[in-house]
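If you count the sequence shown from 1, you need to add 20 to reach the working numbering. Cβ atoms here follow ideal geometry from the backbone N, Cα and C, with glycine treated the same way. If you're wondering where the values come from, they're calculated on a predicted model, not measured in any experiment.
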Amino acid sequence: MATHAPATTAVPIERTARSAVRVLIIGSLLVKAGGFSWDFLAYYVGDGTNGTGHGTTAAGAALTAFGIGWCLGQASAGALTDRLGQRTALVALMILSAAACLALAVATSLPALLAVAVCLGLTMEAHRPAVSAAINEAIPTEAGRTRAQTWTYFASNVGIAVCGGAGGYLAHHHGYRTLFVVNAVVCLAFALIARRTLAPKPPTTDAPRVTYRQVWGDPTLRWITLVAVCSMVCAWGLVSVLPLLMTSDGLPATSFGVAMVANTVAVLALTPPLMRLLVGRGDTVRFPFVPVLAIGSAFLGLGITIAAFQHTVLGYAIAAAVLVPGEVFYSVAVGAYISTAAPPGATGRYQAVISGATALASLPPLGIALALEAGGRPLVAALLAASAALAVVACLPLARSLRARTTRPDTGS
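So, in structure tokens, the structure goes:
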């Protein structure tokens, strides 16, 4: 705390903290833009070279294994962030991520690829709890924290889309394994950035230690987690379901890159005006976040349902662009929730639960692959639309639990 520091140091300290947040947001963009191991895992397993062409079902299995690791990794990342501090947790997890990327570059058999997929999942989104904790500590206003959280999602979305476009080109000309080595280098670079940017955790703190059991005692967190899982099943389709559909159409990895570029253009064009509309420039957000979350979920369902019926590069590109308003609405709503709901000492765990919902949403690709073979695209579309509809409906009890919540949950008891 700054209670023992001279008053004249408050502004420089705050500016330094805000600068660290900006650096971490940029770092989030870079680690996503270089996240080739995550985004091209399905293509590498299903349609790769050097003995890794194991088919669509195997690609779905690899994505499911990845999702299992992701679920486990988010819980660990949140706990490590709250317990060890943002810097130590982020550096360690990024080094482990680099090791997993290098392992993917040498794995060829399906069992080895599935094992590596789990390891990749363990470190996926490992930076999010640390970045969210830094935002909540550095920015005092609700709207300011929401804007910063939204810019983090914006940076991640841009990074994912850039990854698809650049990765498709590099994979075509230099092979998948070059992508994975580059991914490892990016992870190590982000670890170095975190090491130089973030301050170590103070040796003592007045904040009570918070457990996941206490965090889950918040009913609003339980409901928003359900909404997040169902919404992210649709959003995750951009980098999981879309490759499965495009592979079934015989389209190459470069076509997937085109769809991701379309998503990038839409993200760049729509995020700033939509964020100004939803958040504004004041100290409080303009709209309650639950209706915003419901609208975002509906848009995500619409976009991925459209994708299920496409067979051309243009059609997939349009569907990828339609997803973007949903991504922005969702990110603003979740950012508003994280910025106001997480008690001191629990931001990492709250963010980890929300990110873990995204991880859970990455598990269905194996089922989508089986549905594609069993019932064709209409069955895939019906399943994805049902997921979005459930997310919208779950916003009703979420709103009720928020109205009933007059104080923050007592996570310190």
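{"Item": "Contact check, G346 vs R167, beta carbons under 9 Å", "Value": "no"}
{"Item": "Helix, strand or coil at T335 according to DSSP, with G and I counted as helix", "Value": "The question names Thr, but residue 335 is Gly in the sequence shown. G335: helix per DSSP, three-state reduction."}
{"Item": "Backbone secondary structure at L416 - three-state DSSP", "Value": "helix"}
{"Item": "C-beta atoms of C121 and L134 nearer than 9 Å", "Value": "no"}
{"Item": "Cβ pair count under 8 Å reaching 3, the segment 397–404 against the segment 275–293", "Value": "no"}
{"Item": "Within the segment 320–404, ranges of the alpha helix (DSSP H) (whole runs, at least 4 residues)", "Value": "333–361 and 367–381"}
{"Item": "Contacts around Q106, its chain only, beta-carbon distance under 7 Å, and the 5 residues preceding and following it disregarded", "Value": "A150, A153, A154 and L218"}
{"Item": "Buried versus exposed call for V205 [16 or more other C-beta atoms within 10 Å across all chains shown]", "Value": "exposed"}
{"Item": "Cα-Cα separation between P131 and C254, rounded to whole angstroms", "Value": "28 Å"}
{"Item": "Under the three-state DSSP convention, the category E145 falls into", "Value": "coil"}
{"Item": "DSSP three-state assignment for K221, whether helix, strand or coil", "Value": "coil"}
{"Item": "8 Å Cβ shell around A406 - same chain, five flanking residues per side excluded", "Value": "none"}
{"Item": "Outcome for R369 when other beta-carbon atoms lying within 10 angstroms are tallied against a minimum of 16", "Value": "buried"}
{"Item": "L392 versus R306 - alpha carbon distance", "Value": "41 Å"}
{"Item": "At least 3 beta-carbon pairs within less than 8 Å: the segment 200–216 vs the segment 277–292", "Value": "no"}
{"Item": "Beta-carbon spacing of V41, I213 below 9 Å", "Value": "no"}
{"Item": "Three-state class that DSSP yields for I244 in the structure shown", "Value": "helix"}
{"Item": "Pair within 9 Å by beta-carbon distance, G316 and V348", "Value": "yes"}
{"Item": "Residues of its chain near I324, where Cβ-Cβ distance is below 6 Å and the 5 sequence neighbours each way are ignored", "Value": "C254, G257 and L404"}
{"Item": "Contact under 9 Å by Cβ, A123 with L61", "Value": "no"}
{"Item": "Continuous alpha helix (DSSP H) stretch holding W90: start and end", "Value": "T76 to L104"}
{"Item": "Status (buried if at least 16 other CB within 10 Å, exposed otherwise) for V261", "Value": "buried"}
{"Item": "Between the CA atoms of Y232 and T427 - distance to the nearest angstrom", "Value": "Low confidence applies to T427: its pLDDT is 47, below 50, so where it sits in the model is not reliable, and the reading given next is rough at best. In a straight line, the C-alpha of T427 is about 19 Å away from that of Y232."}
{"Item": "Neighbourhood of F210 by C-beta distance below 6 Å, restricted to the same chain and skipping five residues each side", "Value": "G47, V51 and M114"}
{"Item": "Endpoints, alpha helix (DSSP H) assigned at W256", "Value": "Counting along the chain, W256 falls outside any alpha helix (DSSP H), and DSSP gives it neither H nor E."}
{"Item": "Span separating the alpha-carbon of N177 from that of F56", "Value": "14 Å"}
{"Item": "Rounded distance between the beta-carbons of I244 and L418, thought under 8 Å", "Value": "6 Å"}
{"Item": "Spatially closest choice to V281 from R38, A53 and I45, by CA coordinates", "Value": "A53"}
{"Item": "Three-state secondary structure assigned by DSSP to A120", "Value": "helix"}
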